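S.K.: The sequence shown runs 495 to 1158 under my numbering. Glycine is no exception: its CB is placed at the ideal position from the N, C-alpha and C atoms. Keep in mind it's a predicted model, so treat the numbers as computed, not measured. First the structure, which I've put down as structure tokens, then a few questions once you've had a look.
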Amino acid sequence: MQKITRAFLLGVIMTVFGLQSQAQVIDNTNTSTQNCVGDTITVFFSVLSPFNAGNQFRVELSTPAGTFPGQFIEINPLLAFSIGSYQIPAVIPASTSQGVYKIRVTATNPIYAGDTVNNVIVGDLPSTQMTIYGAHYINGNARFCNGDTVFLKGPTPPLGETYLYEWFNNGNKILGQTNDTLIVLNSGSYAVKVTKGLCDAISNDTIINSYTPPAFITGGPATPNDVVQVLGVDSIRMCIGNTGLLRGPIPLPAPQTFTFEWLTDSINFLGQRIFYPIAGDTNQLFVDSTLRVYLRVVDDIGGCADTSLPFWVIVDTLPRTNIVNVPWPGQTVPTLNLCPEDSTMITAVDTVKFPDWKYQWQAQFPLSSSTWVNLPNDTLPYLQVDTALIPDSARFRLYIKNETCEYLTNSLQVNIVPNPVFSFFPGDSLAICEGDSILVLLQGDALQYRWDGGAFIGSSRWIKDQGFYVVEGRGVNGCSTFDTLQLVYNIVNADAGPDQTIAPGETVQHAGSGGVGYYWSAGTPVKFSDRFIADPTSEPTEDTTMYVLQVTGPNGCSAYDTMYVFIVDNDPNAGFNNVMNAITPNGDNLNDMLDLSEIIRGDDAKLTVLDRWGNLVFEERPYLNDWQGTNNGGDELPDGTYYIILQVNDEIRYKGPVTIIRNK
495 MQKITRAFLL
505 GVIMTVFGLQ
515 SQAQVIDNTN
525 TSTQNCVGDT
535 ITVFFSVLSP
545 FNAGNQFRVE
555 LSTPAGTFPG
565 QFIEINPLLA
575 FSIGSYQIPA
585 VIPASTSQGV
595 YKIRVTATNP
605 IYAGDTVNNV
615 IVGDLPSTQM
625 TIYGAHYING
635 NARFCNGDTV
645 FLKGPTPPLG
655 ETYLYEWFNN
665 GNKILGQTND
675 TLIVLNSGSY
685 AVKVTKGLCD
695 AISNDTIINS
705 YTPPAFITGG
715 PATPNDVVQV
725 LGVDSIRMCI
735 GNTGLLRGPI
745 PLPAPQTFTF
755 EWLTDSINFL
765 GQRIFYPIAG
775 DTNQLFVDST
785 LRVYLRVVDD
795 IGGCADTSLP
805 FWVIVDTLPR
815 TNIVNVPWPG
825 QTVPTLNLCP
835 EDSTMITAVD
845 TVKFPDWKYQ
855 WQAQFPLSSS
865 TWVNLPNDTL
875 PYLQVDTALI
885 PDSARFRLYI
895 KNETCEYLTN
905 SLQVNIVPNP
915 VFSFFPGDSL
925 AICEGDSILV
935 LLQGDALQYR
945 WDGGAFIGSS
955 RWIKDQGFYV
965 VEGRGVNGCS
975 TFDTLQLVYN
985 IVNADAGPDQ
995 TIAPGETVQH
1005 AGSGGVGYYW
1015 SAGTPVKFSD
1025 RFIADPTSEP
1035 TEDTTMYVLQ
1045 VTGPNGCSAY
1055 DTMYVFIVDN
1065 DPNAGFNNVM
1075 NAITPNGDNL
1085 NDMLDLSEII
1095 RGDDAKLTVL
1105 DRWGNLVFEE
1115 RPYLNDWQGT
1125 NNGGDELPDG
1135 TYYIILQVND
1145 EIRYKGPVTI
1155 IRNK
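Take a look at the structure:
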């Protein structure tokens, strides 16, 4: 782990009035800082009058006594001479003793020393030397036996001083480990961070490995004439009359050496497993009968020991087994009758780890054929059967072979049941008018049709809501086919135009759009110039009139839209040309309330608010200029245009529209 580096900022302002004049230095920064040996600091300073070309700025460190002996500590001199702000990185030298120092910035052309930064405190670094207890060393590397414990001891502080400790493993802080000693149970790269006062240092990484000697067994023939099959990492197989040779790990060169002991086990009359040694004190053992063998390996230097897993010696083997149909995870009962998209698993009942037995799946296809053919690349003890393997029904068996024996298993027949086929009538993509419905028929050979996961079952259905309809057609053997029907509305974008406000006796000019056919109507008696065009004129008879426009699209579908016309009598509003006609009650204190104070003029006034349909939504007397777009119950009214009437002494003083806008 690398030493932790700190970076500190110091400020110096250097003011130069001219190349040959006296320079004035202003020190207006907080220069009190604390640093440690080896820390990197950044010195900031400003030049208020230029130096000569080729000038270099440098950082000089004083002695503890405050004198400047010419010790420059910047990483690189700064070549600069213009007016401006600069910074120079510098490093506190490792040779610096603990104490209080000064720092200043100097220039070379002309030679100049800036103001002094005082109170730069420098502390020395603590020792990080650690001691290891409980480990042994191989070629200079520390290690300990797996399961044992190693202790790491941090440095002891000098008399009168105190250290704080933090331990790290593989670069990560070990939580809670702040003592001078660390107990190590696992391999890793360990380091200790030691803090002395304001300074700290971290040791180099110390690698300690937990060690277990290799305890494993390999087997093979004793001579080239012996036929011995290696069945994996834990067993060998051979015919009677052959001899196998078992070996432990290869002995390592000095100083690392091993001691071996061969063991086998048995069950005593109490049902307990007991181990006893087999003759032979080298790392190899000759075997010619069935048994289970273990090898104990002892590291001669550290005394670390381990015993191998059992190694089987098997004699007189024959690859005899049957194949069966097994269920997939979550499947209760396996089946050999498959839908085209399904699959099933057939496997050998008894299997041996590779490369002990050699497997080859064979198929009889078509069923009328008497020939069995090998399935390329299918050499595992199990086989997934689907239509990607064989497109139709077929029989399967497994051919098994080892070095001396071969065997053909029983056979299983897998039947492929075709999925049902169906289609939608009049089609799978339909469009109707909103509010209409259509009868959809399913034509095919499915036994059952399930709509939307079984929400509706049947081969015909009236549908009216637009969207996607997923239909499952189920056939024999539960095989099913899915298809999707889409129903959309023929959209007509009816637009009756914006609401309008007119004076009594004025004519309304309509501006409808969105289709090829139009029909205008109104909620009160209205005279139209022509109800069957998009832009007729009309003459309303009420203060508030709702107009309804029916628009017919090119597909024959219709849609409706409304607009409102408000008649405002100018006489009651005479002299009120700048009346507030919109409020935005969104809490920003701007236009939140309807202010009619210029109209009320201190009188006892009554405010009535009607919606677009002429319904009373709010009423207040006397009106206090505090309406914020609510009804009499205090609930917010929807954004939109409303009609207000202001009465004083039962006479209308003002009436007109006002709009509520909250979303702006």
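If we count Cβ pairs, one from each stretch, closer than 8 Å, do we get three or more for the segment 1102-1117 versus the segment 1071-1084?
M.R.: no
S.K.: With distances taken Cα to Cα, identify the nearest neighbour of residue 630 among 538, 725 and 793.
M.R.: For the purposes of this step, residue 630 is taken as the residue at position 136 of the sequence shown. When only C-alpha atoms are compared, the closest one is 793.
S.K.: Using alpha carbons as the reference points, say which of 750, 841, 947 and 813 lies closest to residue 731.
M.R.: Here residue 731 is taken as the residue at index 237 of the sequence shown, counted from 1. The option with the nearest alpha carbon to residue 731 is 813.
S.K.: Roughly how many angstroms separate the alpha carbons of residue 1124 and residue 1131, rounded to a whole number?
M.R.: Here the question's residue 1124 lines up with position 630 in the sequence shown. Here the question's residue 1131 lines up with position 637 in the sequence shown. Their backbone Cα atoms lie some 5 Å apart in a straight line.
S.K.: CA-CA distance, residue 459 and residue 674?
M.R.: This structure cannot settle anything about residue 459, because the visible part of the chain is limited to 495 through 1158.
S.K.: Quick check: what's the CA-CA separation for residue 850 versus residue 951?
M.R.: Locating residue 850 in the sequence shown gives position 356, where the first residue counts as 1. Locating residue 951 in the sequence shown gives position 457, where the first residue counts as 1. Their backbone Cα atoms lie some 55 Å apart in a straight line.
S.K.: Could you tell me whether the Cβ atoms of residue 745 and residue 710 are closer together than 8 Å?
M.R.: Taking the first residue of the sequence shown as position 1, residue 745 is located at position 251. Taking the first residue of the sequence shown as position 1, residue 710 is located at position 216. Cβ distance not < 8 Å, so residue 745 and residue 710 don't count as in contact.
S.K.: Report, in whole angstroms, the separation of the C-beta atoms of residue 704 and residue 638, which I expect to be a contact under 8 Å.
M.R.: In the sequence shown, counting from the first residue as 1, residue 704 sits at position 210. In the sequence shown, counting from the first residue as 1, residue 638 sits at position 144. 6 Å between Cβ atoms; contact.
S.K.: Check residue 1011 in the structure and name its three-state DSSP category.
M.R.: As a working note, residue 1011 is residue 517 in the sequence shown. Strand, per DSSP.
S.K.: Between which two residues does the alpha helix (DSSP H) holding residue 1091 run?
M.R.: On the sequence shown, residue 1091 is found 597 positions in, with the first residue counted as 1. Counting along the chain, the alpha helix (DSSP H) containing residue 1091 begins and ends at 1091-1094.
S.K.: With a CB to CB cut of under 6 Å and the five nearest residues on each side skipped, what residues in its chain are close to residue 526?
M.R.: In the sequence shown, counting from the first residue as 1, residue 526 sits at position 32. Caution is warranted here: a pLDDT of 44 is assigned to residue 526, below 50, making its placement in the model unreliable, and the coordinate value is therefore given only provisionally. Close CB contacts of residue 526 within its chain, under the 6 Å cut and outside five residues either way in sequence, are with 613 (chain order).
S.K.: Please report the distance separating the alpha-carbon of residue 617 from that of residue 698.
M.R.: One-based indexing of the sequence shown puts residue 617 at position 123. One-based indexing of the sequence shown puts residue 698 at position 204. Near 21 Å, if we compare the C-alpha coordinates of residue 698 and residue 617.
S.K.: Quick one: using the 10 Å Cβ neighbour count with 16 as the cut-off for buried, is residue 723 buried or exposed?
M.R.: Here the question's residue 723 lines up with position 229 in the sequence shown. Residue 723 should be labelled buried.
S.K.: What are the complete beta strand (DSSP E) segments, minimum 3 residues, inside the segment 769-850?
M.R.: List check, beta strand (DSSP E) in window: 778-781, 785-793, 799-801, 805-809, 817-820 and 838-842.
S.K.: Taking 8 Å as the threshold (C-beta atoms), are residue 536 and residue 581 in contact?
M.R.: Translated into positions along the sequence shown, residue 581 becomes position 87. Translated into positions along the sequence shown, residue 536 becomes position 42. Result yes, Cβ atoms of residue 581 and residue 536 sit closer than 8 Å.
S.K.: So which of 607, 884 and 1099 has the shortest CA-CA distance to residue 550?
M.R.: Locating residue 550 in the sequence shown gives position 56, counting from the first residue. The candidate whose alpha carbon is nearest that of residue 550 is 607.
S.K.: Alpha carbon to alpha carbon, how far is residue 659 from residue 695? Give it in angstroms, no decimals.
M.R.: Position 201 of the sequence shown, counted from the first residue, corresponds to residue 695. Position 165 of the sequence shown, counted from the first residue, corresponds to residue 659. Roughly 10 Å separates the two Cα atoms.
S.K.: Assuming contact is defined by CB atoms lying nearer than 8 Å, are residue 772 and residue 757 in contact in what I supplied?
M.R.: Along the sequence shown, read from residue 1 onward, the residue named residue 772 stands at position 278. Along the sequence shown, read from residue 1 onward, the residue named residue 757 stands at position 263. Yes, the pair counts as a contact, with Cβ atoms nearer than the cut-off.
S.K.: Going by C-alpha distance, which of 597, 540 and 706 is nearest residue 577?
M.R.: Along the sequence shown, one-based indexing puts residue 577 at 83. Considering only alpha carbons, the answer is 540.
S.K.: Quick one, are the C-beta atoms of residue 1013 and residue 1044 less than 8 Å apart?
M.R.: Here the question's residue 1013 lines up with position 519 in the sequence shown. Here the question's residue 1044 lines up with position 550 in the sequence shown. Yes. Within cutoff.
S.K.: Quick one: residues in its chain with C-beta nearer than 7 Å to the C-beta of residue 755, no 5 flanking neighbours on either side, listed in chain order?
M.R.: Reading the sequence shown from its first residue, position 261 is the one you call residue 755. The answer, listed in chain order, is 771 and 790.
S.K.: Where does the unbroken beta strand (DSSP E) through residue 744 begin, and where does it stop?
M.R.: Mapped onto the sequence shown, residue 744 falls at position 250. Careful: residue 744 lies outside any beta strand (DSSP E) and carries neither H nor E.
S.K.: Pick out whichever of 690, 987, 689 and 701 has its Cα sitting closest to the Cα of residue 635.
M.R.: Residue 635 sits at position 141 when you count from the first residue of the sequence shown. Checking every option, the nearest Cα to that of residue 635 belongs to 701.
S.K.: Output the distance between the C-alpha atoms of residue 561 and residue 592, rounded to the nearest integer angstrom.
M.R.: Along the sequence shown, one-based indexing puts residue 561 at 67. Along the sequence shown, one-based indexing puts residue 592 at 98. About 16 Å.
S.K.: Tell me whether residue 609 sits in a helix, a strand or coil according to DSSP, three-state version.
M.R.: Start at 1 with the first residue of the sequence shown, and residue 609 comes out as number 115. In the three-state scheme derived from DSSP, where H, G and I count as helix and E and B as strand, residue 609 is classed as strand.
S.K.: Could you have a look at residue 967 and say whether DSSP puts it in helix, strand or coil?
M.R.: Position 473 of the sequence shown, counted from the start, is the residue given in the question as residue 967. Strand, per DSSP.
S.K.: Considering only residues of the same chain and omitting the five flanking positions on each side of residue 1022, which have a CB-CB separation below 7 Å?
M.R.: Locating residue 1022 in the sequence shown gives position 528, counting from the first residue. Within the same chain, and ignoring the five residues on either side of residue 1022 in sequence, the residues whose Cβ sits closer than 7 Å to its Cβ are 1014, 1030 and 1032.
S.K.: Should residue 841 and residue 818 be called a contact, given that it needs their Cβ atoms to be closer than 8 Å?
M.R.: The residue given as residue 841 occupies position 347 in the sequence shown. The residue given as residue 818 occupies position 324 in the sequence shown. Contact: yes.
S.K.: For the beta strand (DSSP E) containing residue 661, name the first residue and the last one.
M.R.: Position 167 of the sequence shown, counted from the first residue, corresponds to residue 661. Per DSSP, residue 661 belongs to the beta strand (DSSP E) from 658-663.
S.K.: Using the Cα positions of residue 832 and residue 945, report the straight-line distance between them to the nearest angstrom.
M.R.: Here residue 832 refers to the residue found at position 338 when the sequence shown is read from its first residue. Here residue 945 refers to the residue found at position 451 when the sequence shown is read from its first residue. Between residue 832 and residue 945, the C-alpha separation is close to 23 Å.
S.K.: Helix, strand or coil: how does DSSP classify residue 946 here?
M.R.: The residue labelled residue 946 in the question sits at position 452 within the sequence shown. If DSSP states are grouped into helix, strand and coil, residue 946 belongs with the helices.
S.K.: Distance check for residue 728 and residue 805, CA to CA, integer angstroms please.
M.R.: The residue given as residue 805 occupies position 311 in the sequence shown. The residue given as residue 728 occupies position 234 in the sequence shown. Using only the alpha carbons, I get a separation of about 5 Å.
S.K.: Out of curiosity, what's the CA-to-CA distance linking residue 989 and residue 835?
M.R.: Reading the sequence shown from its first residue, position 495 is the one you call residue 989. Reading the sequence shown from its first residue, position 341 is the one you call residue 835. Their Cα atoms are separated by approximately 51 Å.
S.K.: Please report the straight-line C-alpha distance between residue 513 and residue 552, rounded to a whole angstrom.
M.R.: By one-based count along the sequence shown, residue 513 stands at place 19. By one-based count along the sequence shown, residue 552 stands at place 58. Summary for residue 513: the model assigns pLDDT 31, below 50, so the residue's position carries little reliability; its value from the coordinates is reported in the next sentence. Whole-angstrom Cα-Cα distance: 18 Å.
S.K.: Alpha carbon to alpha carbon, how far is residue 910 from residue 881? Give it in angstroms, no decimals.
M.R.: In the sequence shown, counting from the first residue as 1, residue 881 sits at position 387. In the sequence shown, counting from the first residue as 1, residue 910 sits at position 416. So the two alpha carbons sit approximately 8 Å from each other.
S.K.: Taking only three categories from DSSP, how would you classify residue 961?
M.R.: As a working note, residue 961 is residue 467 in the sequence shown. Residue 961: strand per DSSP, three-state reduction.
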